[in-house]
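Going by this note's numbering, the residue at position 50 of the sequence shown is 50; the numbering climbs one at a time, nothing skipped. Heads up: the structure comes next, in structure tokens.
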Amino acid sequence: MEKFTTLLKATLLAATISGSATGIAHAGNPTSGTVMKPLQGITFAAGPKRAVGYFYSKDNRCKLVVTVADTPNGAGDTFDVLRHEASVGPGDFDQLNLNNGETLEFNCANDVRTMAIRSVEHIATGTVK
1 MEKFTTLLKA TLLAATISGS ATGIAHAGNP TSGTVMKPLQ GITFAAGPKR AVGYFYSKDN
61 RCKLVVTVAD TPNGAGDTFD VLRHEASVGP GDFDQLNLNN GETLEFNCAN DVRTMAIRSV
121 EHIATGTVK
């Protein structure tokens, strides 16, 4: 009986670990709007870079954490990493401007249970004379 209990515990632990590993969603390119749930890790293209992010709800706000980095090309490559944190109110949004001219917008739902990510297209502006 003791061996069975040990085997059962090991099986449950392995199932928990493998279930956690699949908790990261791959969004590809968030042009049409990708929806995140609290503490759901998400990875997506951010122009030529890669981004990983998540959010959690606290004090009726969406607490956002996003890390953006270049895609490494080989062993020993060094690259810059950008970490972005924001506290977004219900129905409000936060924008992250990337160095390549692209902007990512993170919208917090009114119920603070989801966050939508989308890529914002830049339109040229200027003064009219």
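Where is the CB? At the ideal position from N, CA and C, for every residue including glycine.
Reducing DSSP to helix, strand and coil, say where Val112 ends up. Three-state result, Val112: coil.
Distance, Ala69 Cα to Leu98 Cα: One C-alpha to the other measures close to 10 Å.
Return the first residue and the last residue of the beta strand (DSSP E) that Gly89 is part of. Per DSSP, Gly89 belongs to no beta strand (DSSP E) and is neither H nor E.
The stretch 34 to 44 / the stretch 80 to 90 touching (three or more Cβ pairs under 8 Å): Counting Cβ pairs under 8 Å, fewer than three are found: no touch.
According to DSSP, residues forming a beta bridge with Gln95: Paired residue(s): Glu105.
Just how far apart, CA to CA, sit Thr114 and Pro72? A straight-line Cα-Cα distance of about 31 Å links Thr114 and Pro72.
Tell me Thr34's beta-bridge partners as DSSP assigns them. Note: Thr34 is bridge-paired with Ile117 in the DSSP secondary-structure output.
Go ahead and pull the three-state DSSP assignment for Asp77. Asp77 falls in the coil class under three-state DSSP.
Can you give me the Cβ contacts of Val112 inside the same chain, cut-off strictly under 7 Å, excluding the 5 residues immediately before and after it? So the list reads Ser57, Asn60, Arg61, Cys62, Pro90, once near-sequence residues are dropped.
Within 10 angstroms of the Cβ of Ile117, are there 16 or more other Cβ atoms? Answer buried if so, exposed if not. Residue burial is scored here from C-beta neighbours: Ile117 has at least 16 other C-beta atoms within 10 angstroms and is therefore classed as buried.
According to the Cβ coordinates, are Leu96 and Val52 closer than 8 Å? Between Leu96 and Val52, the CB-CB gap reaches or exceeds 8 Å.
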